[in-house]
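J.: So the sequence shown is numbered by the numbering used here: it starts at 1 and just counts up by one. We put the CB at the ideal spot given by N, CA and C, even for glycine. Remember, predicted model here, so these are calculated numbers, not experimental data.
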Amino acid sequence: MTEPLPWPDRTDRLIFDELDSTMAEAARIAPDLHRPTWIMARHQTAARGRRGRVWSNPPGHFAATFVFRPEGTAANAALRSFFAANAVYEALAMKVDRDRLSLKWPNDVLLDGGKVAGILLESVGTASALDWLAIGIGVNLGQSPAGIRDAAFPPVGLEDVGGEPCDQDEFLSLLASNMATEEGLYQRLGFGPIRKNWLRRAARLGETITARTTREELTGTFKTIDDTGQLVLQTPKGQVWIPAAEIFF
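(1) Taking just the CA atoms, how far does GLN230 sit from GLY220?
(2) Here's the rule: buried if 16 or more other CB atoms are within 10 angstroms of the residue's CB, otherwise exposed. What is HIS61?
(3) For MET40, write down the residues that DSSP places opposite it in a beta bridge.
(4) DSSP beta-bridge partners for GLU164?
(5) Return the chain-ordered list of same chain residues with a C-beta closer than 6 Å to the C-beta of HIS43, the five sequence neighbours on each side being excluded.
(6) According to the neighbour-count rule (16 or more other Cβ atoms, all chains shown, within 10 Å of its Cβ), is GLU268 buried or exposed?
(7) VAL96 and ILE137: beta carbons closer than 9 Å?
(8) How would you write the range of the beta strand (DSSP E) that SER123 sits in, first residue to last?
(9) Whole angstroms is fine: what's the gap from ILE39's alpha carbon to THR235's?
(10) Output yes or no for whether 9 Å exceeds the beta carbon distance between ARG195 and ILE225.
(11) Going by the CB atoms, is the gap between PRO70 and MET179 shorter than 9 Å?
(12) Can you tell me which of PHE249, GLU25 and PRO59 puts its alpha carbon nearest to the alpha carbon of GLN168?
(13) Who are the Cβ neighbours of PRO6 in its own chain at under 8 Å, not counting the five residues just before and after it?
(14) List the whole-angstrom C-beta distance separating TRP241 from LEU103, where the pair is believed to meet the contact cut-off of C-beta under 8 Å.
(15) Where does ARG80 sit, in a helix, a strand or coil, going by DSSP?
(16) Would you report the Cα separation of ASP20 and PHE222, rounded to the nearest angstrom?
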């Protein structure tokens, strides 16, 4: 009999066969939240990604949201997208060669250059303090979603590339364990080690990329991310710090 995977202490989980959206459920339960909670849905009827985009939800797709009350400011909370990216990377590295995985700023995970996972952060609070933070994570554990055309980074599924089979429950345990490790590291040593680990896995670090913001498009060398998670781009006009953008390469 297979031993159950460990689960983080003082962390709850809610698992639904069907749900409109794990992010929507996080918003519903957050006002009365007592402990950090993972919400997983085996199927979502109204899944969404960044900027309100529809997120495809094929059978076997992993969809979960971690909702909790972190200490610190909204800026500190935003750093947790890097925690999540590292945690997803490590969970997937249990099922496929880690050299095939990379992290795309600010919050995607790539497998063989295609998008295998996406991360979405939503919060409620003020600039100085948060009421709650929700981290939504979608991972293509099965085959890649059908019918998605003209994507800059086409979706790829773990099953498509010969990864070791992994069901939703197993992946939730792997992910929750790795997220707890990232949070513990941050509490002990700050963002530095999180940032260092993320950069080791970063896609196209030191290479030419294009950042498309709401106001302009900038092309240059991806130098690093700074201590606040901003992308640092070396352009012909000098270094530029970018807090949010779509990245292409």
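T.: From the atom records:
(1) 15 Å
(2) buried
(3) DSSP output for MET40 lists ILE15 and ALA64 as bridge partner(s).
(4) Under DSSP, GLU164 takes part in no beta bridge, so it has no partner.
(5) So the qualifying residues of the chain are GLU18.
(6) Any property of residue 268 remains undetermined from this structure, which presents the chain solely from 1 to 249.
(7) no
(8) 114–125
(9) 42 Å
(10) Result yes, Cβ atoms of ARG195 and ILE225 sit closer than 9 Å.
(11) Their beta carbons are not under 9 Å apart, which means MET179 does not touch PRO70 by this criterion.
(12) PRO59
(13) SER173 and SER177
(14) Actually they are not in contact, since the Cβ atoms of TRP241 and LEU103 sit about 19 Å apart, beyond 8 Å.
(15) helix
(16) 37 Å
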